[in-house]
Structures are given as structure tokens and as C-alpha cells.
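Asker: What follows is a single structure, and I will ask about it in a moment.
Protein chains: 2
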Amino acid sequence: MAGSDTRRRILDTALAAFGRDGYAGTSLDALAAELGVRKQTILYWFPSKFDLFEAVVDDTADDLADAFDEVAASGLAGLDQVQAIVDRVFRLAVHRPQVLGLVREVTRPESPTASRLGVRIRPLYDRARDFLMREMEAGRIRRSDPAMLLLSLYSAVVGMVTELEVQRTVGFEPTLRSTVMRRRELMRFLRAALTPENPAPAGS
Amino acid sequence: MAGSDTRRRILDTALAAFGRDGYAGTSLDALAAELGVRKQTILYWFPSKFDLFEAVVDDTADDLADAFDEVAASGLAGLDQVQAIVDRVFRLAVHRPQVLGLVREVTRPESPTASRLGVRIRPLYDRARDFLMREMEAGRIRRSDPAMLLLSLYSAVVGMVTELEVQRTVGFEPTLRSTVMRRRELMRFLRAALTPENPAPAGS
DNA sequence: CCCCTTGTCTACCAGTTGGTAGAGACAATG
DNA sequence: CATTGTCTCTACCAACTGGTAGACAAGGGG
Numbered sequence: 012m013a014g015s016d017t018r019r020r021i022l023d024t025a026l027a028a029f030g031r032d033g034y035a036g037t038s039l040d041a042l043a044a045e046l047g048v049r050k051q052t053i054l055y056w057f058p059s060k061f062d063l064f065e066a067v068v069d070d071t072a073d074d075l076a077d078a079f080d081e082v083a084a085s086g087l088a089g090l091d092q093v094q095a096i097v098d099r100v101f102r103l104a105v106h107r108p109q110v111l112g113l114v115r116e117v118t119r120p121e122s123p124t125a126s127r128l129g130v131r132i133r134p135l136y137d138r139a140r141d142f143l144m145r146e147m148e149a150g151r152i153r154r155s156d157p158a159m160l161l162l163s164l165y166s167a168v169v170g171m172v173t174e175l176e177v178q179r180t181v182g183f184e185p186t187l188r189s190t191v192m193r194r195r196e197l198m199r200f201l202r203a204a205l206t207p208e209n210p211a212p213a214g215s
Numbered sequence: 012m013a014g015s016d017t018r019r020r021i022l023d024t025a026l027a028a029f030g031r032d033g034y035a036g037t038s039l040d041a042l043a044a045e046l047g048v049r050k051q052t053i054l055y056w057f058p059s060k061f062d063l064f065e066a067v068v069d070d071t072a073d074d075l076a077d078a079f080d081e082v083a084a085s086g087l088a089g090l091d092q093v094q095a096i097v098d099r100v101f102r103l104a105v106h107r108p109q110v111l112g113l114v115r116e117v118t119r120p121e122s123p124t125a126s127r128l129g130v131r132i133r134p135l136y137d138r139a140r141d142f143l144m145r146e147m148e149a150g151r152i153r154r155s156d157p158a159m160l161l162l163s164l165y166s167a168v169v170g171m172v173t174e175l176e177v178q179r180t181v182g183f184e185p186t187l188r189s190t191v192m193r194r195r196e197l198m199r200f201l202r203a204a205l206t207p208e209n210p211a212p213a214g215s
């Protein structure tokens with residue numbers, strides 16, 4: 012059936028376009044041209060531009076959830092689990108950068124779809140927070156407010172992966188090698204931030 | 012002279028609009044309506060929408076540079092200096108959130124103005140990196156690649172301040188109180204990440 | 001063979017986009 | 001008073017926006 016294939020192609024190309032140019036910056040005409048199809052074909056599969064966007068967001072949420080499930084299934088503990096997640100996110104950034112671009116677009120203030128992604132991501136968030144809490148109890152991760160710590164982690168990881176332009180203007184060309192370096196440095200940073208304090212910490 | 016006042020008002024309102032809705036999402040008509048003025052008045056002061064955007068970016072770069080100069084002038088050392096910068100960024104986020112919104116817009120991949128902001132920000136970057144390097148030498152900050160560490164810091168701080176939507180969907184309403192909490196948690200996070208290792212560090 | 005569904009197309013629409021041309025209000029200056 | 005430069009306006013425009021209406025080709029089932 013050629014039809015559902017078209018639908019799939021629209022979703023994939025739209026993901027790239029929305030992630031690259033944002034919702035407002037993407038026109039159905041441009042998207043159609045990129046697909047080698049008429050705009051009306053897009054509107055056949057998705058009743059409106061906004062519906063298309065929502066479908067793309069849902070699709071992406073599934074992808075993200077799968078990626079994290081995969082990591083969670085490995086059942087690692089402490090910082091090894093954190094490392095596994097960082098590795099996974101970086102892999103995603105390398106292979107499907109559009110996904111991160113879309114996340115960036117959706118999580119912008121004033122975004123009408125933020126809650127949509129939020130609802131799908133919420134279980135992952137809860138699971139991650141519980142994980143942090145357990146690991147704190149077990150003394151494998153520095154004690155602090157788990158929800159807040161998770162927010163710090165999220166910021167650091169997504170920022171490092173997303174702020175490509177910042178990195179470029181500052182001299183890091185986003186080659187594969189520099190990506191590896193960034194991941195390594197980020198992990199060192201996170202390990203330092205998460206490792207429980209030693210018996211004799213340095214004073215304030 | 013009412014004229015230069017109009018120019019100022021356009022710049023301020025445009026900053027808010029671009030920061031809120033992005034470049035593509037902001038129309039000159041809407042901007043003019045918000046200003047209580049005709050679109051052509053905007054085009055009198057700025058030859059095109061893009062020129063306006065560049066002017067706003069330049070203006071914002073000056074603001075940012077001033078803010079950091081202010082902190083740098085205080086001449087603090089080690090983590091106190093880092094703390095002062097974080098405080099300053101959070102103050103900016105509370106009083107003029109549009110500025111960070113614009114930063115987010117400009118630093119998006121594919122942004123045609125990224126280099127424009129980059130050039131103006133570069134001296135600040137260099138100064139910050141030198142600072143980190145000096146403090147590492149002095150043993151007040153954990154040793155690592157200063158440029159990479161700076162990137163990690165940037166990601167964590169800007170992320171924490173910018174990802175309002177993420178925080179909202181996860182249950183943190185962006186009240187003033189929660190902002191204070193976020194800042195405190197972020198600082199604890201950064202202190203843990205930056206404090207030099209103790210004589211007897213935990214194993215890998 | 002006809003009919004109905006599926007999928008893509010052409011043709012079109014009203015509203016919005018960034019931008020141009022030029023008139024008029026106004027104050028300062030001669 | 002006349003002139004000049006500054007500033008904002010009305011009136012347009014071509015191109016593009018998301019979206020509608022409907023034709024048409026292809027195929028499957030009765």
C-alpha cells in the first residue's frame with residue numbers, strides 16, 4: 012500500500028523540518044516540495060498543519076520512550092545507569108539530530124504542544140526521579156532533592172547535545188570526534204556532580 | 012525627540028516578540044499592533060525585518076556583555092565567582108526573560124545570526140575560560156579541559172533557566188519561590204561538580 | 001462491467017506576509 | 001513666511017500562507 016508509506020514519509024520529513032526550522036518557520040508548501048508531492052497530499056493525510064505537528068510530536072515521544080526503556084531494561088545501578096542514559100542520548104543526537112531539534116522546539120515557552128509531549132514523557136520522568144531517590148538511599152548518588160537534581164541533569168545533558176551553534180561559534184566544529192570529547196567531558200562533569208561527598212570534604 | 016524614543020520602543024518590543032515567538036513566528040504587523048503604530052513606521056527605522064532582528068541581537072549582546080562585566084568587576088575568586096554569575100543570570104531571567112528567550116532563538120542550529128551573537132560574546136567566553144584555567148591552577152576548581160567545562164556549565168545554567176516548559180509539565184510552576192529553589196539546587200549541583208577532588212576520592 | 005474506495009492531483013480562495021510609494025504633519029531653521 | 005528634514009501615516013502590491021472543492025487515475029469486489 013503506497014499510501015501509508017506516504018504517511019510515514021511525511022512524518023519523517025516533517026520531523027526534520029519542524030526540528031530544523033521550527034513550527035512557524037515550516038510551510039506546508041516547502042514541506043511538500045521537499046517530499047516531491049503536492050501540499051494537498053499532506054492535507055489529505057493530516058487535516059491541518061497543527062494536526063501534523065501533533066502527530067510528529069506523538070511519534071517522537073514514542074521514540075524517546077523506547078530509547079529510555081531500552082536503557083532502563085539493562086538494569087544498571089548508580090552512575091553506570093546515568094552513563095548509559097547519556098550515551099543513549101548522544102547516540103540519538105548523532106543518528107537522529109532532528110529528534111533533539113524537535114524537543115527543543117516543543118519545550119520552548121509558549122509552545123502549545125508542550126503539555127502534549129509532557130504527558131507522554133511524564134512516566135519516564137517519574138521513573139527517573141524514583142531511580143535517583145533509590146540511589147541516594149543506597150549512598151551511590153549525592154543526596155539532594157531528586158526532582159531538582161533531575162532538572163539539573165536534564166539541562167546539562169540536553170544543553171550539551173543541543174547547543175550546537177554555541178559550540179560552533181566558540182570553535183568546536185561538531186565533528187564525530189568532538190562529539191565523543193563532549194560526551195566524555197560531560198560524563199566527567201556529571202560524575203563529579205553526582206558522586207556522594209567524601210568523609211572529609213573541602214570547606215565552603 | 013520622539014523619534015529615537017520610537018526606535019527604542021521598537022527594539023524593546025521586538026526583543027520580547029522575537030524572544031517569545033521566534034523570528035519566523037513574529038510578523039511586522041503583529042509587532043506594530045503591539046506597539047500601537049503602523050508597520051511602516053517600523054520599516055522606517057529598520058530597513059527590513061531581518062535588519063531589525065540583527066539590531067535586536069546586537070542590542071541584547073551589549074546587555075549580556077554589561078551584565079557579565081558587572082560581575083567580573085567584583086573580582087571574586089573560585090566558586091564565589093561562579094555563584095555570582097549564576098545569580099546574575101537568574102536575576103536576568105526573572106527581570107528580563109525575553110533576553111534569554113532571544114538567546115535561545117539565536118543559538119538554534121541553522122540560525123543565520125548565530126555568528127553575529129557569537130562574535131560579540133567571544134571575548135566573554137575567552138575571559139571565562141581563562142578564569143577557569145587560572146582557578147584550576149590555583150587548585151580552587153576541579154581540573155579538566157576548561158573549554159569543555161565551560162560548555163558544560165553553560166548548558167546547565169542556560170538550560171535550568173530556559174527550559175521553563177519542561178519544568179512546568181513536570182510540576183514546577185515558575186513562581187518566584189521555585190526560581191529561588193532552582194537557583195539554590197543548581198548551585199549545589201555546580202559546587203559538587205566543580206570542587207576539586209579530595210585526597211581520598213571514591214573509586215571509579 | 002460498474003461502483004466505490006483510496007490516493008494524488010489541479011484549481012482556487014481569503015487572509016497574511018514583507019516591502020514600496022508617496023502624502024501630510026510637524027518642528028526647526030533661514 | 002518659506003524651506004527643509006524628521007517622522008508617521010494611508011494606500012498599495014506581489015508573493016506566500018493554510019485550507020477547500022472537486023477532478024481523475026487505479027484498483028478491488030460485486
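Top line first, the protein sequences correspond to chains A and B.
Count along the first sequence from 1, add 11, and you get the number used in the working numbering.
Count along the second sequence from 1, add 11, and you get the number used in the working numbering.
For every residue, glycine included, the Cβ atom is placed at its ideal position computed from N, Cα and C.
Computed from a predicted structure; not experimentally measured.
1. Determine the extent of the alpha helix (DSSP H) in which Y34(B) is found, giving its start and end residues.
2. For the ligand SAH, any of its heavy atoms closer than 8 Å to the Cβ of T17(B)?
3. In the DSSP assignment, find the unbroken alpha helix (DSSP H) run with T180(B) in it and report its ends.
4. Using a cut-off of 7 Å between C-beta atoms, extract the partners of G112(A) located in chain B.
5. Please list the partners that R199(B) has in chain A, where partner means a Cβ-to-Cβ separation under 7 Å.
6. Does any C-beta atom of chain B lie closer than 9 Å to the C-beta of R133(A)?
7. Does chain B have any CB closer than 9 Å to the CB of A203(A)?
8. Would you check if there are 3 or more beta carbon pairs closer than 8 Å linking the region 12-31 of chain B to the region 132-150 of chain A?
9. By how many angstroms is the C-alpha of E81(B) removed from the C-alpha of D23(B)?
10. Let's test the definition: count the other Cβ atoms within 10 Å of the Cβ of Q51(B) and tell me whether it reaches 16, buried, or not, exposed.
11. What's the C-alpha gap between G36(B) and A28(B)?
12. Residues of chain A with a CB under 8 Å from the CB of Q178(B): which are they?
13. Going by DSSP in three states, T79(A) sits in which element: helix, strand or coil?
14. Contact between the region 87-103 of chain B and the region 68-79 of chain B: three or more CB pairs below 8 Å?
15. How close, in whole Å, do the beta carbons of L26(A) and L113(A) come, if the pair is a contact with beta carbons under 8 Å?
16. Have a look at F7(B) and R151(A) and give me their C-alpha separation to the nearest angstrom.
17. Just to confirm, is the Cβ distance from R179(A) to A125(B) under 9 Å?
18. Helix, strand or coil for S85(B), going by three-state DSSP, please let me know.
19. For I21(A), name the three-state secondary structure that DSSP assigns.
20. Residues of chain A with CB under 7 Å from L22(B), in chain order?
21. Interface residues of chain A around V169(B) at Cβ under 8 Å?
22. How would you call F200(A), buried or exposed, if buried means at least 16 neighbouring beta carbons within 10 angstroms?
23. Here's the rule: buried if 16 or more other CB atoms are within 10 angstroms of the residue's CB, otherwise exposed. What is T206(B)?
24. Given a cut-off of 9 Å, decide if E176(B) and T118(A) are closer than it, judged by their beta-carbon atoms.
25. What is the DSSP secondary structure of P123(A), counted as helix, strand or coil?
26. Between the alpha carbons of E146(A) and P185(B), how many angstroms are there, rounded?
27. Counting only C-beta atoms, is L87(A) closer than 9 Å to chain B at any point?
28. Rank S163(B), S155(B), E65(B), V181(B) by C-alpha distance to the C-alpha of I132(A) and give the top, closest one.
29. Where A213(A) and A203(B) are concerned, what is the direct C-alpha to C-alpha distance, given to the nearest angstrom?
30. Taking just the CA atoms, how far does R194(B) sit from L187(B)?
31. Straight-line CA distance for A41(A) to L46(B)?
32. In chain order, what residues of the region 27-58 of chain A put their CB closer than 8 Å to some CB of chain B?
33. Using a Cβ-Cβ distance under 9 Å, would A125(B) count as near chain A?
34. How about the region 80-100 of chain B and the region 60-68 of chain B: do they share at least three Cβ pairs that are nearer than 8 Å?
35. Could you give the distance in angstroms between the alpha-carbon of F183(B) and the alpha-carbon of D32(A)?
Answerer: Let's see:
1. Where Y34(B) is concerned, there is no enclosing alpha helix (DSSP H), given that its DSSP letter is neither H nor E.
2. In the structure shown, the ligand SAH is absent, as is every other ligand, since no ligand is present at all.
3. 175-180
4. P120
5. Per Cβ cutoff of 7 Å: S155.
6. yes
7. yes
8. Because the criterion of three Cβ pairs below 8 Å is not met, the region 12-31 of chain B and the region 132-150 of chain A do not touch.
9. Looking at the two C-alpha atoms, the distance is approximately 22 Å.
10. With a threshold of 16 other beta carbon atoms within 10 Å, Q51(B) falls short and is exposed.
11. 9 Å
12. L162
13. The residue asked about is misnamed: residue 79(A) is Phe in this sequence, not Thr. In this structure, F79(A) counts as helix in the three-state DSSP scheme.
14. yes
15. Indeed, because the Cβ distance is near 6 Å, the residues count as touching under 8 Å.
16. Here chain B has residues from 12 to 215 only, and residue 7(B) is not among them.
17. yes
18. Taken through DSSP and simplified to helix, strand or coil, S85(B) comes out as coil.
19. DSSP places I21(A) in the helix class (H, G or I) of the three-state scheme.
20. In chain order: nothing, as chain A lies at least about 21 Å away.
21. Those within 8 Å of V169(B) in chain A are S166, G170, E174.
22. buried
23. buried
24. yes
25. coil
26. In this structure, the straight-line span from the alpha carbon of E146(A) to that of P185(B) is close to 28 Å.
27. no
28. V181(B)
29. Because the pLDDT at A213(A) is just 42, under 50, the model does not fix this residue reliably, and the point stays unresolved.
30. 11 Å
31. Distance from the CA atom of A41(A) to the CA atom of L46(B), rounded to whole angstroms, is 31 Å.
32. Answer in chain order: R31, D32, G33, Y34, A35, G36.
33. yes
34. no
35. 28 Å
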